[in-house]
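Number of protein chains: 2
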Amino acid sequence: MSEPEEQVEPLVTEIPPKAADLSAWYTAVTLKAELVSYSPVRGCVVLRPYGFGIWENLQKALDQRFKATGHENAYFPLLIPEHLLIKEAQHVEGFAPEVAWVTEGGQEKLTERLAIRPTSEVIIGVMYAKWIQSHRDLPVLINQWANVLRWEKATRPFLRTMEFLWQEGHTAHATAEEAREETLRMLEIYREVAEDVVAVPVYAGRKSAVERFPGAVETFSIEALMPDGKALQSGTSHDLGQNFSKAYDITFADIDQSVKHVYTTSWGMSWRMLGGMIMVHGDDRGLRLPPKLAPIEAVIVPIIKGSETQAVAEAHEVARTLSGQFRVRVDDRDYTPGWKFSEWEMRGVPIRIEIGPRDIQSQSVTLVRRDKAKGAPGAKETIQRSVLAQKLREELNDIQRNLYAEAKSFLESHTYVVGDRDKFFELCSSRAGMVDIPFCNRADCEANVKQKTSATTRVLRELREAAAVCVACGEPAVVQAYFAQTY
Amino acid sequence: MSEPEEQVEPLVTEIPPKAADLSAWYTAVTLKAELVSYSPVRGCVVLRPYGFGIWENLQKALDQRFKATGHENAYFPLLIPEHLLIKEAQHVEGFAPEVAWVTEGGQEKLTERLAIRPTSEVIIGVMYAKWIQSHRDLPVLINQWANVLRWEKATRPFLRTMEFLWQEGHTAHATAEEAREETLRMLEIYREVAEDVVAVPVYAGRKSAVERFPGAVETFSIEALMPDGKALQSGTSHDLGQNFSKAYDITFADIDQSVKHVYTTSWGMSWRMLGGMIMVHGDDRGLRLPPKLAPIEAVIVPIIKGSETQAVAEAHEVARTLSGQFRVRVDDRDYTPGWKFSEWEMRGVPIRIEIGPRDIQSQSVTLVRRDKAKGAPGAKETIQRSVLAQKLREELNDIQRNLYAEAKSFLESHTYVVGDRDKFFELCSSRAGMVDIPFCNRADCEANVKQKTSATTRVLRELREAAAVCVACGEPAVVQAYFAQTY
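Order-wise, the sequence lines are chains A and B. Quick note, the first sequence lines up with residues 27 to 513 if you use our numbering. Quick note, the second sequence lines up with residues 27 to 513 if you use our numbering.
Structure (structure tokens):
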């Protein structure tokens, strides 16, 4: 049986405590908040409207940054003929086990198998070979929003599914230096979006050779830390050097008329980033969404006693005054206020605006922040309506900052700078967090750590102190490395 | 051999006259303007950045209207297991010949074939059956932006490709009346977008039984008229009744607790609309883009003599002042002004702003409209820079109106209200345009017309005069019908 396991969607009645079992909590939250739904297609989930609303906000944040740095969107075919896929040896070796193949179409057998794209370096490389002739055609800066498919046996919403949504940038340059600059520019955009929009702090850096993208000269990534001490790779940017341009013959006539191979890059962020966002910010009540990603920034709940309708009318009036500047929704459904409070807390809406009889009398509203614990200072406040818009903006900004600060503090308190070998292995084995050591950057040392602890290098940076030795093996260290177990 | 024909991209050196051979003109324009590129995947094209920019503007126009009418976006799996696809008999009969099948994945044979979605009624129906329990869950109003795949042998960019991009709306309602209302609401949105955004006038109405979507109770469409007298179906909206809810068991408990099947609709518009836009508006110089779809509304060309740089600096200065309100680009590349004029005319940019030595002296610019013939009144004008933004907005609005008016006039002059049988057959055979007759709406009469003339019914509307007879066969007429040959 080669199919991914059958997924039966668990019935979620309540959300279990996050600290007790992160995995059970995570599944319950993604389903109960209606971010995703399990589908009858093994290994695939449906991204429901509320989840898609979050994804759209992440898309916008990325897309505007891509465009501001000169990139344009395009769309390339889903299917890749087998004879093209196999040209870059490392690439095909890395992806072949994960490919789904179309072998029949129009009620007949095909003479050549067609791969559903696991990523698009190949088909885009083939097109670039056709489009690029001269140095005047460079750089080519293209991004694609697309679905891709990788044959996976396990399914975890956002984190690992057979089909997933992502963006993949593909660029071509005249020189190695330009390609490297582009690779790092996009890494920095990923870092900025992760930290400033998703409110998830990350470590950015380059990957070790074994963790590299198949076919890349150098891979860079951003790595976030989850509450269970495991790292989540959340965006990658690859310097592909001339590997793909040589395999797919992408050449240009330079100013001096000499014909050269271009240098290419590729970089991608997927809906996986949302999985990290959920795990980092959520609590026992459910989701906590950073305002910049929240489909609804504030929900307005009229507190109705009996058949009275004034609170509902005033809720809609308040919504009208806010609607140009904020994403707001009035919940005037036929449920109790208490039920609605839990519902929207579970769905992570950053701010709840209550309008009750006392608020109506005093032309005020009651503002409740989702990020703070019930009863904590500043969690609940009465605001005059005349200053509501201004106050709402301030509070949303503060929630965005606060979620980031909380996550940052967690990351820092779970990052261990270690000099002792035994301590290093113990921290890696116990999934303590990001373990930072001077490292020899040798594949056999890395394999030994992985075999003993399940931890791998996440990103490498410059050595903090010269002449250090590798904490894992005692050989001379050449880089500083974060080790962690990973999703 | 079941594969679509191999596509060799023709080398386009110049654009042939539109009137002489619309098909050759069309292919040349889509390639030379870099809207699309032929791919090594048979039947599939690449949507290049300039083409994608147009598509993005169409997407925005649709998406904001969908959201304003209460719809939300979501994403459903690409692959559909065979046992699910075959449940709605008419639907599978209609689509089975066009399906591509995945039969291998993860290096093993699958036990069940997976279809690449030709459309998503099936997978969405299965999910709705899971999500919908009560009348409180209704209506469900969801749209999906997606790639779909239909096994086609011929390839014409935008008009007919194996894989294409589209949106597909899928809704569920408690009553037949609501579902019908929704179907017509979305038809009206398509009409409005076609006419007000794409500047292509259409006839909207319902389809005859033979032209209906497989599985629909009633299909409605908008139909545009191409310069060769053939109609282009440009958007469809289907009232699916309870056909899919019965096949996929989508039920709800009504207010009285009785369990009922929901009523569903689906509606779609694809990048095909862009094919219509190209054919309707283009001329011998290339594309003419309606401003609302144009990725670049105005291109600014500095007229440089020798090494002088002031015109370039002023071009950028003008661009800066316009950039918040308009999509503008400065073309400061190392080509002659004449070359640039042809290039941007060919690419259909609505307005060219020239800045030459005389313009600099008088603080003016020269504004050239793409929609008017060279030398025509109003085609070229000198504008003071102080009023440029205002004038540009007026001219863009006027171009939008003018392209629509030209197309409307063509449609009207090629619509024939006919009472004579011979004349009717002759107009249909000669591809004269939209041929409007009272029609019996019998399948055998329609088949007879099709067999004799290649024309089919495009849309049906209410009979203009009671007690009319069918012009095609002499039987009593029940509807008014537009006949035309079609893409």
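From the three backbone atoms N, C-alpha and C, an ideal C-beta is built for every residue, glycine too.
- When C-beta atoms of the region 315 to 328 of chain B are compared with those of the region 365 to 384 of chain B, three or more pairs fall below 8 Å, so the two segments count as touching.
- For B/Glu82, the neighbours in chain A by C-beta distance under 9 Å run, in chain order, Asn99.
- Listed as beta-bridge partners of A/Pro107 by DSSP are A/Leu140.
- Boundaries of the alpha helix (DSSP H) harbouring B/Arg384: Pro383 to Gln387, taken from the DSSP string.
- Excluding the 5 residues flanking it on each side, B/Ser160 has same chain C-beta neighbours closer than 7 Å at Phe278 and Ala279, in chain order.
- Distance from the Cα of B/Ser368 is smallest, within the candidate group B/Val344, B/Phe352, B/Leu348 and B/Lys400, for B/Lys400.
- Taking the CA atoms as reference points, A/Asp357 sits about 10 Å from A/Ile329.
- Contact annotation: in the region 127 to 146 of chain A, residues whose CB is within less than 9 Å of a CB in chain B are Trp127, Val128, Thr129, Glu130, Gly131, Gly132, Gln133, Glu134, Lys135, Leu136, Thr137, Glu138, Arg139, Leu140 and Ile142.
- About 7 Å separates the CB atoms of B/Ala405 and B/Val394; that is less than 8 Å, so the two are in contact.
- Segment contact: the region 288 to 307 of chain A against the region 192 to 211 of chain A, three or more CB-CB distances shorter than 8 Å; contact assigned.
- Runs of the beta strand (DSSP E) lying entirely within the region 333 to 404 of chain B and spanning at least 3 residues, in chain order: 354 to 356, 377 to 381 and 390 to 395.
- Taking 8 Å as the cut-off, the Cβ atoms of A/Ile463 and A/Val497 count as close.
- Per the DSSP secondary-structure output, A/Gln511 pairs with nothing in a beta bridge.
- Put simply, the backbone Cα of B/Val55 is about 6 Å away from that of B/Gly312.
- For A/Glu237, the nearest beta carbon of chain B is not closer than 8 Å to its own beta carbon.
- In terms of Cα proximity to A/Glu438, the closest of A/Ala250, A/Val72 and A/Leu185 is A/Ala250.
- Cβ atoms of A/Tyr216 and A/Ser263 come within 8 Å of each other, at about 7 Å.
- The count of Cβ pairs closer than 8 Å, one atom from the region 56 to 69 of chain A and one from the region 105 to 115 of chain B, reaches three, so the stretches are in contact.
- Closer than 8 Å at the C-beta level to chain A, one finds these residues of the region 102 to 128 of chain B: Phe102, Pro103, Leu104, Leu105, Ile106, Pro107, Leu110, Ala122, Pro123, Glu124, Val125, Ala126, Trp127 and Val128.
- The residues Gly69, Cys70, Val71, Glu178 and Thr181, in chain order, have a CB closer than 8 Å to that of B/Thr187 in the same chain once the five nearest residues on each side in sequence are set aside.
- Taking a C-beta distance under 8 Å as the contact criterion, B/Arg143 and B/Val166 do not qualify as a contact pair.
- For B/Pro253, there is no enclosing alpha helix (DSSP H), as DSSP marks it with neither H nor E.
- For A/Asn428, no Cβ of chain B is located within less than 8 Å of the residue's own Cβ.
- Considering only A/Leu258, A/Leu136, A/Leu140 and A/Glu244, the residue with the shortest C-alpha distance to A/Phe184 is A/Leu258.
- Annotation for B/Pro75: no beta strand (DSSP E) segment contains it, though the alpha helix (DSSP H) segment containing it runs Pro75 to Ala94.
- The DSSP-derived three-state label of B/Trp171 is strand.
- Those residues of the region 54 to 68 of chain B placed with their C-beta closer than 7 Å to a C-beta in chain A are Ser63, Ser65, Pro66 and Val67, ordered along the chain.
- If you draw a straight line from the Cα of B/Phe270 to the Cα of B/Ser247, it comes to about 20 Å.
- With 16 or more other Cβ atoms inside 10 Å of its own Cβ, A/Glu472 counts as buried.
- For A/Ser292, the uninterrupted beta strand (DSSP E) segment begins and ends at Tyr289 to Ser296.
- Residues of the region 323 to 340 of chain A with a C-beta atom less than 8 Å from some C-beta of chain B do not occur.
- When Cβ pairs closer than 8 Å are counted between the two stretches, the region 448 to 458 of chain B is seen not to touch the region 420 to 428 of chain B, the count staying below three.
- Of all residues in the region 279 to 293 of chain A, none places a beta-carbon less than 8 Å from a beta-carbon of chain B.
- Proximity of chain A to B/Pro75 at the Cβ level (cut-off 8 Å) is accounted for by Glu98, Asn99, Ala100 and Ile168, in chain order.
- Listed in chain order, the positions of the region 362 to 378 of chain B with a beta carbon within less than 7 Å of a beta carbon of chain A would be empty, since no residue qualifies.
- B/Met460: not part of any alpha helix (DSSP H); member of the beta strand (DSSP E) spanning Met460 to Phe465, first to last residue.
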